[in-house]
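The working numbering puts the first residue of the sequence shown at 391, with every later residue one more than the last.
Ideal Cβ placement from N, Cα and C applies to all residues, glycine included.
These numbers were taken from a predicted model, which means no experiment stands behind them.
Notes follow the structure.
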Amino acid sequence: MQLRPILSSLTRHKLTAFLLILQVTFTCAIVCNVMFMIATRTSQMRLPSGIAENELAMIDSVDIDATENPLVRHEQDLVALRGIAGVKSAVVVDALPLNRDNWTNGITTVPDADTHVGASAYNGTPGELQTLGLHLIEGRDFQADEYIAEDVPHGYKGIDTVPVTIVTRALAEQLFPGQSALGKDIYASGTHPTRVVGVVDHMLRPALRDPATNEYAMLFPMKPDDSEVTYVMRTAPHDRERVLKEASAVLVRLNGNRILKSPQTFTQVRDSYFHRDQTMVGLLLVAGLGLLFVTALGIAGLANFWVQQRRRQIGVRRALGATRSDILRYFQTENFLIVSGGIVLGMALAFALNLTLMKFYELPRLPLYYLPIGALALWLLGQLAVLGPALRAAAVPPVVATRSV
């Protein structure tokens, strides 16, 4: 099919064609970025936490009576919790992945360095690795004589004397690229060295910000001694709700001078953390589909309008020997050219929009492969939208040429 008649026809309807190209341009730019934002948020929601999520139940406890020794009380509580039927193990921790209780330390490989790597610290009682279900890929767990108090009352002074640590694979590779981190010293507090004795495969931070640093985390053998701690119990998935009820009753019976907050499973913790992301994905999906629907209506409406205007012209072409397939291809090609023009401009606008989002909302750079995906979607949408009007145009009989005035 020759393009000259189609281009000639479009030049006679410049404003209409321009408006449709403009609509496709904005749709392409927005849809490409919406797809990217949905994919980014969805991939973050699916990040593995590194722990046995479907087996964990936890209770936050806040002590009212500050006269008791928290370390003694925590040990008594753990003995009682481990006695509950179905509880495999139990520990006290000060933070968990995705619970937003983030304690960040500046880690260096030399004393008092000017630059450091920010990493989240996790502290807990003996058995933390086993209870959380962390996968140790190098080294060993902490030994009993390596545990010290966190010393919260004096400003977390335990960090100044903690002898060893276990780090994530991501943090180990950042601190010691191309080397094993085992046996090496890191510095989390000035000039005090802390020896790396183990490496775990995955462990998310309590709060996620940068995908490149989401697993920069470490564990210290420091027993939490704050008035507010979290009791974590590992049990079979189907026992978690029952264990939470029994554990709450046990803790209140042992010490009524406390407030229990948020008895929940880790599944609920994850759902709570990503609740806004889930809502945002839904809104973006609705907005993207709505925009595509409006664009399809615009394409179909314009095609219908042009079919009505060109009925005599179509009848003349049919009388001169054009087949229904020729008429159908004419409108499909015309639509393809208009949509292609919008796509070319839309790709440039998509990058400009992405640069704006990067600047003001810290969104990552838009990968190039989203552009052909968006283009293909719009081409298919355009062809589907024009198909109905094109079929009606192809059905115009040659006799219309003689009936039209």
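query	result
Are Gly764 and Cys422 close, meaning C-beta to C-beta below 7 Å?	yes
Leaving out five residues on either side along the sequence, give the residues of the same chain with a beta carbon under 8 Å from the beta carbon of Thr441.	Here residue 441 turns out to be Ile, not Thr, going by the sequence shown. So the qualifying residues of the chain are Leu486, Pro487, Leu522, Gly523, Leu524, Met593 and Phe656.
Determine, using beta carbons only, whether Pro375 and Glu536 come nearer to each other than 7 Å.	This structure cannot speak to residue 375, because the chain is shown only from 391 to 795.
Quick one: which unbroken beta strand (DSSP E) runs of 3-plus residues sit fully inside the segment 641-703? Chain order, please.	648-655
Sorted by chain position, which residues of the same chain lie with C-beta nearer than 8 Å to Arg755's C-beta, five sequence neighbours on each side aside?	Asn744 and Met748
Are there three or more Cβ pairs, one per stretch, closer than 8 Å when the segment 470-478 is compared with the segment 677-690?	no
Out of Asp615, Met425, Arg719 and Leu774, state which residue places its alpha-carbon closest to the alpha-carbon of Leu679.	Met425
Could you pull the start and end residues of the beta strand (DSSP E) that Arg624 belongs to?	Glu618 to Thr625
Just how far apart, CA to CA, sit Ala780 and Ala712?	14 Å
So what's Gly529 in DSSP terms, helix, strand or just coil?	strand
Using DSSP with H/G/I as helix, E/B as strand and the rest coil, what is Arg585?	strand
Would you kindly report the start and end of the unbroken beta strand (DSSP E) that includes Val734?	That residue, Val734, is in no beta strand (DSSP E); its alpha helix (DSSP H) goes Arg714 to Tyr751.
What residue ranges within the segment 402-440 form continuous beta strand (DSSP E) runs of no fewer than 3 residues, ordered along the chain?	none
Here's a check: name, in chain order, each residue in its chain whose Cβ is nearer than 7 Å to the Cβ of Asn645, leaving out the five neighbours to either side.	Arg463
State buried or exposed for Ala783, treating a residue as buried only when at least 16 other CB atoms are found within 10 Å of its CB.	buried
Going by DSSP in three states, Ala602 sits in which element: helix, strand or coil?	helix
Out of curiosity, what's the CA-to-CA distance linking Ala709 and Leu718?	15 Å
Could you give the DSSP three-state label for Ser794: helix, strand or coil?	Reliability of the predicted coordinates at Ser794 is poor, the pLDDT of 49 falling under 50, and the value obtained from them is presented with this limitation in mind. Ser794: coil per DSSP, three-state reduction.
Report yes if the CB atom of Asn489 is closer than 7 Å to the CB atom of Phe610, and no otherwise.	no
Rounded to whole angstroms, what's the CA-CA distance from Asp467 to Leu519? Just pull it up for me.	19 Å
With DSSP collapsed to three states, give me the class of Leu766.	helix
Give me the residue from Pro438, His403 and Ala607 with the minimum Cα distance to Ala509.	Ala607
According to the Cβ coordinates, are Thr620 and Met448 closer than 7 Å?	yes
Quick one: grab the DSSP three-state call for Lys574.	coil
By alpha-carbon positions, which one of Val483, Thr498 and Ile497 ends up nearest to Asp491?	Val483
Label Arg595 either buried or exposed according to how many other C-beta atoms from any shown protein chain fall within 10 Å of its C-beta, with 16 as the threshold for buried.	buried
Buried or exposed: Pro614, going by 16 or more other Cβ atoms within 10 Å of its Cβ?	buried
Do you know how far the Cα of Met623 is from the Cα of Val452?	17 Å
Let's see if you can read the secondary structure: which residues bound the alpha helix (DSSP H) around Val462?	Pro460 to Arg472
What does the Cβ neighbour count give for Thr555, buried or exposed, with the cut at 16 atoms within 10 Å?	buried
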